[in-house]
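Numbered according to the working numbering, the sequence shown terminates at residue 82, and the numbering increases by one at each position without gaps.
Glycine included, every Cβ here is placed at the ideal spot set by N, Cα and C.
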Amino acid sequence: MKNRTTREACKDNEGRREGCDSIQLLSILEKLEPYLESGKLKPVLGPKSQFPFSKALEAFAYLDSHWHSDKVVIYPIP
Numbered sequence: 005m006k007n008r009t010t011r012e013a014c015k016d017n018e019g020r021r022e023g024c025d026s027i028q029l030l031s032i033l034e035k036l037e038p039y040l041e042s043g044k045l046k047p048v049l050g051p052k053s054q055f056p057f058s059k060a061l062e063a064f065a066y067l068d069s070h071w072h073s074d075k076v077v078i079y080p081i082p
């Protein structure tokens with residue numbers, strides 16, 4: 005599988021970006037699933053980008069306070 009972002013996967017045949025609907029995104033995720041499960045593809049998470057659900061407000065404050073393209077993960081408390 006070539007390195008493609010979701011944005012690239014949602015381009016039409018002429019390279020114009022078009023919106024992905026939920027069916028398209030699900031299809032992309034289904035194709036990525038074997039790579040994620042095998043460990044060949046790993047999500048890149050910054051050390052400060054993971055927050056328990058109890059700190060969801062801090063997670064949003066983190067996004068608002070940085071000029072980055074990072075994402076955050078809010079995970080349930082076991």
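Review point. Within this structure, are the beta carbons of Pro80 and Phe64 separated by less than 8 Å?
Key: Against a cut-off of 8 Å, the Cβ pair of Phe64 and Pro80 comes out as no contact.
Point to revise | The alpha helix (DSSP H) enclosing Pro38, as first and last residue numbers | key: Where Pro38 is concerned, the enclosing alpha helix (DSSP H) stretches over 26-42.
**Study point:** Residue nearest to Ala60 in terms of C-alpha spacing, selected from Ile78, Gly50, Leu36, Leu40
**Key:** Comparing Cα-Cα distances from Ala60 to each of Ile78, Gly50, Leu36, Leu40, the minimum goes to Ile78.
Check your understanding: What are the residues that DSSP puts in a beta bridge with Tyr79?
Key -> Partner(s): Pro56.
Practice item. Indicate whether at least one CB of chain D lies closer than 8 Å to the CB of Val48. Key: Looking at the structure shown, chain D is missing, and only one protein chain is on hand.
**Study point:** C-alpha gap between Gly43 and Phe55, whole angstroms
**Key:** Here the alpha carbon of Gly43 sits roughly 23 Å from the alpha carbon of Phe55.
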